[in-house]
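In full-length UniProt numbering, the protein residues as written are 4 to 301.
Glycine residues also receive a C-beta, built at the ideal position from the N, C-alpha and C atoms.
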Ligand code: HMG
Ligand code: MG
């Protein structure tokens, strides 16, 4: 049977806005986080502490973290690639950090400028220091179905990275279809490998909608009992190191499906759609999500 409650992590402020060509003001990022909090999101990926030369869009991470309210019960996470990023992140008091690796060697090189093995060597001290500081550590596994440079990725390679993350003390793994080519059975095959090393409660799905498969992939994971997903309001997003990849599955599309299935999320869909309309307006366009556009047209 499907889970009765699902947790959604809105990654729009990070995965969404990291990919915008236009500069987005820190004040708008702060307001986006606040609107998501008010819409009932209890997990929000706020920003990343990466090189501003590589991803200038996230250069204001400390300012954004300092500007957001920190209501009780809401967990705010940030991406961290190395100790330098961790130290900068720690000063902003995140609840969680996310180390981000890949199942593909080529993507690891393009995205974080090191091999998979080197990335694990970097994540090990970050993970130890974060846990020492009482922070939860999540690991993202990019290219868990396919890589923009290497093509199809075998589930064995997903399992290898998952196992390495487990060995260094990463507490949760997010299995990511970075370029959105995954279809339900392929996604399930990758998820099965993660579930060999992590309990159901510590595995989540992160799906991009490039080929329109993301909602089906969420459903395929629900059938396996997976109850946590990354999603992004208004379908914002992409990855600067995965050309042509579009945004994450839209949070409002997932919420509409989950509520239709009788699954609780704690999220107020109307407030979420208003947020999607607002941030899309800031960016000078319409939301890409079907649910937002349908509800806004009513
Ligand atoms: P590097 O050049 O190999 O790093 O980059 P380095 O250690 O050799 O340092 C070079 C320079 O960067 C130095 O500065 C460092 O101080 C600085 P310089 O002396 O030249 O002035 N530096 C930093 N500055 C700020 N924060 C840091 C930091 N580290 C070094 N943390 C690095 C390695 C990882 C830093 C670089 O490759 C990078 O920043 N990459 C960005 C990757 C990224 O943010 N990608 C997007 C997020 S991942 C994603 O979207 C996928 C996901 O959504 C899941 C999915 O969909 O697949 C999570
Ligand atoms: Mg992503």
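The beta carbon of residue 209 is closer than 6 angstroms to those of 177, 179 and 233 in its chain, skipping five residues each way along the sequence. Residue 102 is bridged by DSSP to 142. Residue 118 counts as exposed, since fewer than 16 other beta carbons sit within 10 angstroms of its beta carbon.
Within 7 angstroms of the C-beta of residue 281 there is not a single heavy atom belonging to ligand 1.
Taken through DSSP and simplified to helix, strand or coil, residue 109 comes out as helix. The Cβ-Cβ distance between residue 82 and residue 54 does not fall below 8 angstroms. In this structure, residue 146 lies away from residue 190, with their beta-carbon atoms at least 8 angstroms apart. Ligand 1 has no heavy atom closer than 7 angstroms to the beta-carbon of residue 128. Nearest Cα to residue 59 within the set 20, 107 and 34: 20.
Straight through space, the alpha carbons of residue 151 and residue 134 are spaced by roughly 33 angstroms.
When distances are taken from the beta-carbon of residue 213 to the heavy atoms of ligand 2, even the shortest one reaches 7 angstroms or more. In the DSSP annotation of this structure, residue 58 is not part of any beta strand (DSSP E), being labelled neither H nor E.
With a threshold of 16 other beta carbon atoms within 10 Å, residue 90 falls short and is exposed. Look at residue 204 here: in three-state DSSP terms it is helix. If you draw a 10 Å sphere on the C-beta of residue 7, you find fewer than 16 other C-beta atoms in it, and that means exposed. If you keep only unbroken alpha helix (DSSP H) runs of at least 4 residues inside the segment 47–92, you get 64–70. Taking the Cβ atoms as the reference, residue 275 lies roughly 11 angstroms from residue 262, outside the contact range of under 8 angstroms. Of the residues assessed, residue 4 falls on the exposed side of the cut-off, its CB having fewer than 16 other CB atoms within 10 angstroms.
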